[in-house]
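Protein chains in written order, with my numbering: chain E, 1 to 513; chain D, 1 to 125. Note that CB positions come from ideal geometry on N, CA and C, so glycine has one too. All figures in this text were calculated on a predicted structure; none of them were measured in a lab. Have a look at the structure below before the remarks.
Written as structure tokens, this is what we have:
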């Protein structure tokens, strides 16, 4: 007997419906075969399904079972076909009546017959809505992800046994009521930064630059001797970032769902991503890659922060691969098996020492490096890459007087800075609504023309800076974007001289020393 | 233990031989051995030479006999069958086609025996 069950496969962030055809034939030599380009994890589904059925009290049939995953020419991976295969076999044995409405079955089976958390359920729910599929049978630990999508019936399944009694009408599974994305959004305002800005002594200039970077999503490079607090500053950054808005949250959740980064029982991602990457990262790990292509760290940092500590220690090819995504906000991965686009509008935060020994330009300690060594160290970061970083700041060693705690509070609390950042982001959200752009940093020339109005004196200052420092055209537009953010932070509509001057100051420092 | 397994095999083959003869097969040879493996029975019917794998299980607590026949086993039988045809050219010449069958026997308590005969399993699994 033949049954067809609907399930789905994910390619990049696209979802393609897959028909799981199960044939149980009493004639022929008994066996269990899966065809339709399965990979190893699907091949192993045979053992999982068989054992799960037996442990659910069903006698596994001595029959010739063939499972076909159609369309058969697309390679498939993942453990999500366990449930459709099991349901297909049960239906062939007439132990489960399928609902007449179109339904997606999706999920990994445990050997005891219960369902395990499976990645990609959020994307599945989005696809179900687009394709007009009414019912969704997904593992209970993953059901919250799907609950965000409205107009689809979501059945959280605990075990095969429970699903069978649901079909038999003995004990129906209760649908999850679709939680509006907004409610989930508002429920969380907690922050999990390791440090508070108030705990960091001194470094007022760096704090100000990070505030601007956070407000506009600008890339920032921090340079300073070892132990001056670059890493600490970066680790404190999540504390001043606003939580994701609804649109951003949906985009981030898609990527997190397909990579299995959502914990069991989790729903929408509300925290802005903060990805700290070690410098041994491979190009494929950072940008994305593999066959079929998987998103890399820059996509996981979409709408959030990508923190690259010891920036010059990264391999040259890895860093240069960042150039195109930094400009376009998209990671374009082309392989023989197909090309995939992942969103990657991230904010780059990089930290580096000024030279191999780390003390170049330090007021107290002497640098031991030869000019050659310094040159080599500098050359690890290419000009085009540095050109894409808007804010270059020095993080000097902290003076000992500032380290010893005095009676008064040392600095502003993160929450206070965060409120200013949220205000600045609000201007941007209303400005860019419906354009797919979230922050000032992602503006294209069209938006710059439309939203960035400079006073005459600001224009003049910008022109002088361009001529004096021989800045590139890209730098010109990036300077305007940073000025826009600084103006947003001070709640002003028109960009004035002071805003431009501050923006220029962050740009020039690196080239001077 | 080894001896016990051997005896079980002998018993199974005796049952299968009986079963096939009653079905109208002619037994050409039994226990043909090469260094690849062994063919339990070589039978013939309707101008067809049939290589038969016999599996006997006493009780089902260690799985069904069908589960014991997999890809590797079939490949092994195919290799051994090739050798058989090469070393017995006169027999090979009499038949136009060849086939691999399996006879799976489960013996329960009180001499109860269940026999399943699967034809042409070489193209399956």
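Neighbour flag for residue i against chain D, beta carbons, 7 Å
i, result
"residue 30(E)", "yes"
"residue 185(E)", "Model confidence at residue 185(E) stands at a pLDDT of 46, short of 50, so the residue's coordinates are unreliable; what they give is reported in the following sentence. No - not a single Cβ of chain D is within 7 Å of the one on residue 185(E)."
"residue 181(E)", "Residue confidence for residue 181(E) is low, a pLDDT of 47 falling below 50, so the modelled location carries little weight; the figure read from the coordinates is stated next. Judged by the 7 Å Cβ criterion, residue 181(E) is not in contact with chain D."
Test: residue i CB closer than 7 Å to a CB of chain E
i, result
"residue 98(D)", "no"
"residue 38(D)", "no"
"residue 95(D)", "no"
"residue 66(D)", "yes"
"residue 74(D)", "no"
"residue 20(D)", "no"
"residue 121(D)", "yes"
"residue 6(D)", "no"
"residue 118(D)", "yes"
Of the listed residues the options, nearest to residue i (C-alpha basis)
i, options, result
"residue 157(E)", "150(E), 168(E), 428(E), 142(E)", "142(E)"
"residue 498(E)", "459(E), 478(E), 471(E)", "459(E)"
"residue 8(D)", "105(D), 50(D), 123(D)", "105(D)"
"residue 250(E)", "267(E), 240(E), 234(E)", "267(E)"
"residue 516(E)", "166(E), 70(E), 479(E)", "Past the edges of chain E, shown from 1 to 513, lies residue 516(E), and the structure says nothing about it."
"residue 120(D)", "68(D), 42(D), 50(D)", "50(D)"
"residue 270(E)", "133(E), 94(E), 145(E), 433(E)", "145(E)"
"residue 21(D)", "103(D), 89(D), 4(D)", "103(D)"
"residue 177(E)", "492(E), 147(E), 164(E), 193(E)", "147(E)"
"residue 508(E)", "162(E), 387(E), 260(E)", "387(E)"
"residue 291(E)", "306(E), 252(E), 97(E), 336(E)", "336(E)"
"residue 397(E)", "232(E), 97(E), 198(E)", "232(E)"
"residue 102(E)", "132(E), 481(E), 127(E), 300(E)", "132(E)"
"residue 33(D)", "77(D), 3(D), 58(D)", "77(D)"
"residue 160(E)", "239(E), 118(E), 359(E), 139(E)", "139(E)"
"residue 65(D)", "108(D), 18(D), 87(D), 27(D)", "108(D)"
"residue 342(E)", "328(E), 354(E), 274(E)", "328(E)"
"residue 57(E)", "114(E), 75(E), 73(E)", "114(E)"
"residue 26(E)", "213(E), 65(E), 476(E)", "65(E)"
"residue 568(E)", "361(E), 216(E), 451(E)", "With chain E covering only 1 through 513, there is no way to say anything about residue 568(E)."
"residue 135(E)", "110(E), 323(E), 104(E), 416(E)", "104(E)"
"residue 240(E)", "230(E), 210(E), 426(E)", "210(E)"
"residue 401(E)", "465(E), 236(E), 202(E)", "202(E)"
"residue 264(E)", "116(E), 154(E), 416(E)", "116(E)"
"residue 411(E)", "207(E), 92(E), 14(E), 40(E)", "207(E)"
"residue 420(E)", "431(E), 391(E), 438(E), 491(E)", "491(E)"
"residue 362(E)", "220(E), 43(E), 334(E), 227(E)", "227(E)"
Residue i in three-state terms, based on DSSP
i, result
"residue 327(E)", "helix"
"residue 297(E)", "helix"
"residue 276(E)", "strand"
"residue 268(E)", "coil"
"residue 238(E)", "helix"
"residue 109(D)", "coil"
"residue 11(D)", "helix"
"residue 383(E)", "helix"
"residue 506(E)", "helix"
"residue 222(E)", "strand"
"residue 35(D)", "coil"
"residue 259(E)", "coil"
"residue 13(E)", "coil"
"residue 138(E)", "strand"
"residue 216(E)", "helix"
"residue 6(D)", "helix"
"residue 99(D)", "strand"
"residue 159(E)", "strand"
"residue 129(E)", "helix"
"residue 144(E)", "helix"
"residue 73(D)", "helix"
"residue 207(E)", "helix"
Just to confirm the assignment: which complete alpha helix (DSSP H) runs, minimum length 4, are found wholly within the region 414 to 493 of chain E? 414 to 431, 445 to 451, 456 to 469, 473 to 489
How do the region 61 to 78 of chain E and the region 164 to 171 of chain E stand: do at least 3 beta-carbon pairs fall below 8 Å, yes or no? Per the Cβ contact rule, the region 61 to 78 of chain E is not in contact with the region 164 to 171 of chain E (fewer than 3 Cβ pairs under 8 Å).
My parser needs the beta strand (DSSP E) runs of 3 or more residues fully inside the region 29 to 84 of chain E; what are they? Taking only runs of at least 3 residues, the beta strand (DSSP E) segments lying wholly in the region 29 to 84 of chain E are 31 to 35, 64 to 70.
Considering only residues of the region 303 to 375 of chain E, which uninterrupted beta strand (DSSP E) runs meet the minimum length of 3 residues and lie entirely inside it, listed in chain order? 305 to 308, 330 to 335, 338 to 343, 347 to 352
Does the region 253 to 267 of chain E come close enough to the region 117 to 134 of chain E that 3 or more CB-CB pairs lie under 8 Å? yes
Segment contact flag, the region 236 to 249 of chain E with the region 466 to 486 of chain E, C-beta cutoff 8 Å, min 3 pairs: no
Counting Cβ pairs closer than 8 Å, one from the region 19 to 38 of chain E and one from the region 351 to 367 of chain E, do we hit at least three? no
Decide yes or no for the touch test of the region 1 to 15 of chain E against the region 36 to 54 of chain E: beta carbon pairs closer than 8 Å, at least 3 of them. no
Can you list the beta strand (DSSP E) stretches of 3 or more residues lying completely in the region 85 to 125 of chain E, in chain order? As summarised for the region 85 to 125 of chain E, the continuous beta strand (DSSP E) elements at least 3 residues long and confined to that stretch are 103 to 105, given in chain order.
Taking one C-beta from the region 88 to 103 of chain E and one from the region 70 to 77 of chain E each time, how about it: are there three or more such pairs within less than 8 Å? Proximity of the region 88 to 103 of chain E to the region 70 to 77 of chain E falls short of the contact definition, fewer than three beta-carbon pairs being nearer than 8 Å.
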